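Data block below; observations after.
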Amino acid sequence: MQNKGLIKLFAFLFGLVSIYQLSYTFITNNVEKKAAEYAANSISSTEDDYLNRRKDLEVSYLDSIGSNSILGFTDYNDAKKKELNKGLDLKGGINVTLQISVKDILKGLANNTQNPIFNKALAEADTASKNSSDTYVDLFFQAFENLKGDTKLASPEIFANKGLSDVINFQMTDDQVKPIIRTKIDESIISAFEVLRERIDGFGVTQPNIQREGTSGRILVELPGAKDIARAQELLSSTAQLEFWETYRPDNQYLSKFLFDANEKLKTIVDIEKPQVEDKQESEIDSLLSDVAQDSIDFASQVNPLGNLLIPADPNSYSFVRAQTKDTAQVSAYLNMPEVRRLMPKELQFVKFLWERPTEGAEVVGLYAVKSNRTSSPRISGDVVSDASDVFDTRNRPAVSMSMNTKGAKEWEKLTSDANVNGTGIAIVLDNKVYTAPGVSQAGGISGGRSEITGTFTINETKDIANVLRAGKLPAKAEIVQSEIVGPSLGQEAISSGFNSFAIAMVFVLLWMIFYYGKAGAFADVALLFNILLIFGVLTSIKAVLTLPGIAGIVLTIGMSVDANVLIFERIKEEIDKGKGKSLAIADGFSNALSSILDANITTGLTAVILFIFGSGPIKGFATTLIIGIITSLFTAIFITRLLIEWYLSGKDRRLDFSTGITKNLFKNIHINFLGKRKIAYILSSVLVLIGLYSLFFGPGLQQGVDFIGGRSYQVRFEKPVSASELAAEFNTVFGSGTNVKTYGEDNQVMLTTPYKVDVEGIEVDAEIQNKLFTTLQKYLPDGITYDEFVVASDTKAVGIMKSTKVGPTIADDIKNNAFWAIIGSLAVVFLYILFRFRKWQFSLGAVAAVFHDVLLVLGIFSIFGKIMPFNMEIDQAFIAAILTVIGYSLNDTVVVFDRIREIIAERGWKTGENTNLALNSTLGRTLNTSLTTIIVLLAIFVFGGDSLRGFMFAMIIGVVVGTYSSLFIATPVMYDTLKKSVQDGTEEDVITE
11 MQNKGLIKLF AFLFGLVSIY QLSYTFITNN VEKKAAEYAA NSISSTEDDY LNRRKDLEVS
71 YLDSIGSNSI LGFTDYNDAK KKELNKGLDL KGGINVTLQI SVKDILKGLA NNTQNPIFNK
131 ALAEADTASK NSSDTYVDLF FQAFENLKGD TKLASPEIFA NKGLSDVINF QMTDDQVKPI
191 IRTKIDESII SAFEVLRERI DGFGVTQPNI QREGTSGRIL VELPGAKDIA RAQELLSSTA
251 QLEFWETYRP DNQYLSKFLF DANEKLKTIV DIEKPQVEDK QESEIDSLLS DVAQDSIDFA
311 SQVNPLGNLL IPADPNSYSF VRAQTKDTAQ VSAYLNMPEV RRLMPKELQF VKFLWERPTE
371 GAEVVGLYAV KSNRTSSPRI SGDVVSDASD VFDTRNRPAV SMSMNTKGAK EWEKLTSDAN
431 VNGTGIAIVL DNKVYTAPGV SQAGGISGGR SEITGTFTIN ETKDIANVLR AGKLPAKAEI
491 VQSEIVGPSL GQEAISSGFN SFAIAMVFVL LWMIFYYGKA GAFADVALLF NILLIFGVLT
551 SIKAVLTLPG IAGIVLTIGM SVDANVLIFE RIKEEIDKGK GKSLAIADGF SNALSSILDA
611 NITTGLTAVI LFIFGSGPIK GFATTLIIGI ITSLFTAIFI TRLLIEWYLS GKDRRLDFST
671 GITKNLFKNI HINFLGKRKI AYILSSVLVL IGLYSLFFGP GLQQGVDFIG GRSYQVRFEK
731 PVSASELAAE FNTVFGSGTN VKTYGEDNQV MLTTPYKVDV EGIEVDAEIQ NKLFTTLQKY
791 LPDGITYDEF VVASDTKAVG IMKSTKVGPT IADDIKNNAF WAIIGSLAVV FLYILFRFRK
851 WQFSLGAVAA VFHDVLLVLG IFSIFGKIMP FNMEIDQAFI AAILTVIGYS LNDTVVVFDR
911 IREIIAERGW KTGENTNLAL NSTLGRTLNT SLTTIIVLLA IFVFGGDSLR GFMFAMIIGV
971 VVGTYSSLFI ATPVMYDTLK KSVQDGTEED VITE
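Mapping the sequence shown onto our numbering, position 611 (from 1) lands on 621, and the numbers just tick up by one.
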């Protein structure tokens, strides 16, 4: 081997850098272990609030030693930034995909125009977006084109407004305006991205990840280790739209008259039963609604749709009425009914109703009436805020202090002056919720532009409010269209199960290589261990995220990386059998195996690249580790193994056999007539494929997960076994038809999937569903468990929602489309690569036919046994990853066989099928050896890798089995039959050459 010195130097430096990169992970793990021990030893486990106190002590310990030098080159704070990133499924936390509302951006660019054609085009784009893969702006342009008549995008009431006057004028055509609007939309999304990045930086989690997803307007945010999920969701979805409004006085007679008239009108249009209420409350409502009535009306004896929901206001606030938190949506719906809005007195024609922000546990909130205008714009908006910080007010309560710019300070002085004169309050509103509404006692207003938001806040809430105000408001709504929440308990279990499967697979492979190849196998093991070091080193250095599927990818890499060594060792054995000396046999063995190794790994690598392009989240992690593993495996097998072998043989009287006494004669002198059995194989495969297709189209079909159909799924764990069928009956009553509950892993754990309100956005819907879950399941839960403990299962109890996933219908459609194109793309790319390598379309046809055969068999098995197996067999993104891996593995096996066929036929000619059979028999040892090793590795993950990976691993185990079969009995026979026909027809030469 040439350039040994250079290879040794590169391997040494590569290994040294990997150890250096991983050292940060070892350092942080060691420090955090000491912090946990310190916290555990500092308090008694019987103390109140033990868990939270222990976490506080750990944080305090880490803060105190964070900057202390460690080993002279780093400290804990620095090492934490450079450690191996753990994904959501290993660390717990939240992963969301935010959809920035392009509709809101368009409305903003058009200055919230009331132009009917513009707004109708938006409505049609809304409808079309539910069933189209086109971008929202393209759908809007298409709808506008169909509706516009003589109206242009550059009309003064649309985009040729004051705000866009520097780039759009009245003379422009629609085609000239469109690219400008697209640019403005992209700028707004970039702005949203930067705002979210600043918010996340201030949130306090380590190693957050935020990235744009192409030009779709979607932003992926991962917060591994985030414990307060509700806080994280609020932080991400809040637009931070800060507004200052002057309120109406609570005793305004026109408000009282409007409420009375509204209640009277609702009696005639709303069907409602008379509720049972206390006499005292009824008399208060009577007083509230009848202040301006000409005659006294006994409301308590009638049905009052609005009155029965209202409670008199707190006399110490500027809210004019209150309601129970659960009734606020209904009250708003009543007040916004067109029939009711028409009753509004002209003195209140621009009134705007805003609810008080509900605090944790609050059952009643106030409703404020604020003075609006024709454009519904506030007196002062948040863009005048120059700085914000979390402080404590004069009563030592958490608050938010704000400073305004010069323009804002002038407006603030005028607003506060008006409020003082009118005896009204100033509602400070964030995202349409009134946080506080103080009165103004200072005549002439407040100068200087400083203000303070006070209320019943926690310290974290004031930190987050100040954080979002400093970062600025989002240019449009950010709806959570996809989310995954993993509790810390499940993350810890995933780490344990993932590394258990990793260790078991490693031990098996290491022992097997020594058992089969003796000392040569031991050298391969050293190269394999070095390979693992390089994989983790590269993952750390490129800041990749290690996920549970990523661990599966590494373990699969272990199983597949032995393939290169097996190919090399088998070829060396063949060269030795030809009578060559050890040195020459080793050189020729490495040389002759190189073509097969490269072809096999490139085909697998191509499918991994396609998976990386079309996949998302954890699936990208799987693809990343697979790609890295393929590259490092090639390096270690081709160079490191050879260096070790040649070093060993350089010593005197050293002997190296590439087998042991037991395996020396295995797979020798085998003469199986594979081609002679191809008709039986064709019939068997056809029958199995047809059964699978029948099941797919006329039988049970595939169980599509929320990834493909949209909806929400919750993995819920209980202390004791529960009946999935009983829970399904209860939840079909709660959520309606379509809700599915099934046992997930152990019989004390279920997976609930529901399409309930899947097309309704907002974290309020998530909270509503979680409340319904908690209420329905409370009788199955341990006594004393709280709602917060249920929503994210705690570290200690590990009971409740272990993991939740939400996928909106638009995202689901995109995932399905990406899955389809990923499979088609991988087949097309591999077909072209094999055509390029073997120069015969018959080879490509044989390989693709085998792949189609394998994929259809896997799909058929999942359709037939989907509801029988005691583990999850839903079709989701992980399943698509499994299918693409099966494609890669099947091609890997097929290409190795094809390489040997091409080599033998190039030497001996086509003639009959004898030489093809010879090629199949000569690679049989390698085929079975690699397949067996890979299957054992997959079985280790299947058994020990956790519930979430079982369906994924089952698909791959089936794929490896049928892939091995198809390379022998489908790919090669199809290639042989079509190529033989071409030879007989005279369209091909009698001898296949390279």
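In this text, a Cβ means the ideal position worked out from N, Cα and C, and glycines have one as well.
Remember, predicted model here, so these are calculated numbers, not experimental data.
How should M812 be labelled, buried or exposed, when 16 other C-beta atoms within 10 angstroms of its C-beta is the threshold for buried?
Its Cβ being crowded by 16 or more others within 10 Å, M812 is buried.
Measuring CB to CB, does T646 end up less than 8 Å from L32?
Contact flag unset, no.
Does I220 come out as helix, strand or coil in the three-state DSSP assignment?
Strand at I220.
DSSP-derived helix/strand/coil call for E670:
In the sequence on display, residue 670 carries Thr and not Glu. Coil.
Cβ distance (whole Å) where T468 is taken to contact A379 below 8 Å
The beta carbons of T468 and A379 sit about 29 Å from each other, so the pair does not count as a contact at 8 Å.
Could you tell me the distance, in whole angstroms, from the CA atom of L901 to the CA atom of T617?
L901 and T617 have their C-alpha atoms roughly 10 Å apart.
Under the three-state DSSP convention, the category P285 falls into:
Bear in mind that the predicted position of P285 carries a pLDDT of just 42, short of 50, making it unreliable; the figure below should be weighed with that in mind. Assigned with DSSP and collapsed to three states, P285 falls in coil, not helix or strand.
Please name the residue or residues paired with N105 in a DSSP beta bridge.
Looking at the DSSP output, N105 shares a beta bridge with E232, E494.
Within its chain, find whatever has a CB closer than 6 Å to the CB of T369; leave out the 5 residues flanking it on each side and keep chain order.
Here the set comprises T466.
Just the Cα atoms here: how many angstroms apart are V817 and V106?
Going from the Cα of V817 to the Cα of V106 covers about 10 Å.
If you compare alpha carbons, which of V444, S451, I475, A409 is closest to A429?
Comparing alpha-carbon positions, the option among V444, S451, I475, A409 lying closest to A429 turns out to be S451.
Can you tell me whether R652 is buried or exposed, with buried defined as 16 or more other CB within 10 angstroms of its CB?
By the neighbour-count criterion, in which a residue is buried when 16 or more other Cβ atoms sit within 10 angstroms of its Cβ, R652 is buried.
Among S391, K162, A738, V868, whose alpha-carbon lies nearest the alpha-carbon of L252?
Ranked by Cα distance from L252, the options S391, K162, A738, V868 are led by S391.
Quick check: the Cα distance between D135 and L149, rounded to an integer number of angstroms?
The question names Asp, yet the displayed sequence has Ala at residue 135. The alpha-carbon atoms of A135 and L149 are separated by roughly 5 Å.
Under a three-way DSSP split, which group does I295 fall into?
Residue placement at I295 is flagged as unreliable, the pLDDT there being 45, under the threshold of 50; the coordinate-derived value follows with that caveat. I295 falls in the helix class under three-state DSSP.
Between the C-alpha atoms of L67 and Y48, what's the straight-line distance to the nearest angstrom?
In this structure, the alpha-carbon of L67 lies about 8 Å from that of Y48.
Proximity below 8 Å, CB of K592 to CB of L654
Between K592 and L654, the gap from beta carbon to beta carbon reaches 8 Å or more.
Can you check the segment 507 to 552 for any alpha helix (DSSP H) of at least 4 residues that lies completely inside it and give the ranges in chain order?
Given a length threshold of 4 residues, each whole run of the alpha helix (DSSP H) inside the segment 507 to 552 is given here in chain order: 529 to 551.
M414, buried or exposed, once every other Cβ within 10 Å from all chains shown has been counted against 16
Buried is the call here.
Looking at C-alpha atoms only, which residue of N346, E366, Q186 is the closest neighbour of Q359?
Of the candidates N346, E366, Q186, N346 places its Cα closest to the Cα of Q359.
Return the bridge partner residues of A488 from the DSSP annotation.
DSSP, once it has assigned bridges, lists I110 as partnering A488.
Exposed or buried, what is A965 when buried is set at 16 or more other beta-carbons lying within 10 Å of its beta-carbon?
Sixteen is the threshold: when 16 or more other Cβ atoms of the shown chains lie within 10 Å of the Cβ of A965, as they do, the residue is buried.
Which residues in the same chain as F741 place their Cβ atom closer than 8 Å to its Cβ, once the five residues preceding and following it in sequence are excluded?
Excluding residues within five positions, the ones whose Cβ falls inside 8 Å are T749, V751, L762, T764, T786.
Could you check which residue in R460, K158, V548 has the C-alpha nearest to that of L26?
Checking every option, the nearest Cα to that of L26 belongs to V548.
Let me know if R910 comes out buried or exposed under the rule of 16 or more other beta-carbons within 10 Å of its beta-carbon.
The residue is buried, with at least 16 neighbouring Cβ atoms inside 10 Å.
C-alpha distance - G810 paired with A453, whole-angstrom precision:
Taking the CA atoms as reference points, G810 sits about 55 Å from A453.
If we call anything under 8 Å between Cβ atoms a contact, is G615 one with I640?
Yes; because the gap between Cβ atoms is below 8 Å, this pair is in contact.
Starting from the N-terminal side, write out each stretch of the beta strand (DSSP E) that is 3 residues or longer and does not extend beyond the segment 125 to 155.
Qualifying beta strand (DSSP E) stretches: none in this window.
Restricting to Cα atoms, I'd like to know which of A343, L276, K267 is closest to D330.
Position check: residue 330 holds Phe in this sequence, whereas Asp was assumed. Taking the Cα of F330 as reference, the smallest distance to any Cα among A343, L276, K267 is reached at K267.
Pick out whichever of L94, L72, I199 has its Cα sitting closest to the Cα of I110.
Per the Cα distances, I199.
How many Å lie between A859 and N122 at the Cα?
If you take the alpha carbons of A859 and N122, they lie about 56 Å apart.
Over the uninterrupted alpha helix (DSSP H) stretch that includes A348, give me the two end residues.
Contrary to the premise, residue 348 reads as Pro rather than Ala in this sequence. Segment 348 to 351, the alpha helix (DSSP H) holding P348.
Taking 8 Å as the cut-off, decide whether the C-beta atoms of V555 and N219 are in contact.
Contact flag set, yes.
Cutting at 6 Å between CB atoms, please list the residues of its own chain near A929, excluding the five before and the five after it.
Setting aside the 5 residues that flank it on each side, A929 is surrounded in the same chain by R910, I911, I914, each with a C-beta closer than 6 Å to its C-beta; the list follows chain order.
Quick check: S28 and L544, are their CB atoms within less than 8 Å of each other?
Contact: yes.
With a CB to CB cut of under 7 Å and the five nearest residues on each side skipped, what residues in its chain are close to L19?
Apart from sequence neighbours up to five positions away, no residue of its chain approaches L19 with a beta-carbon distance below 7 Å.
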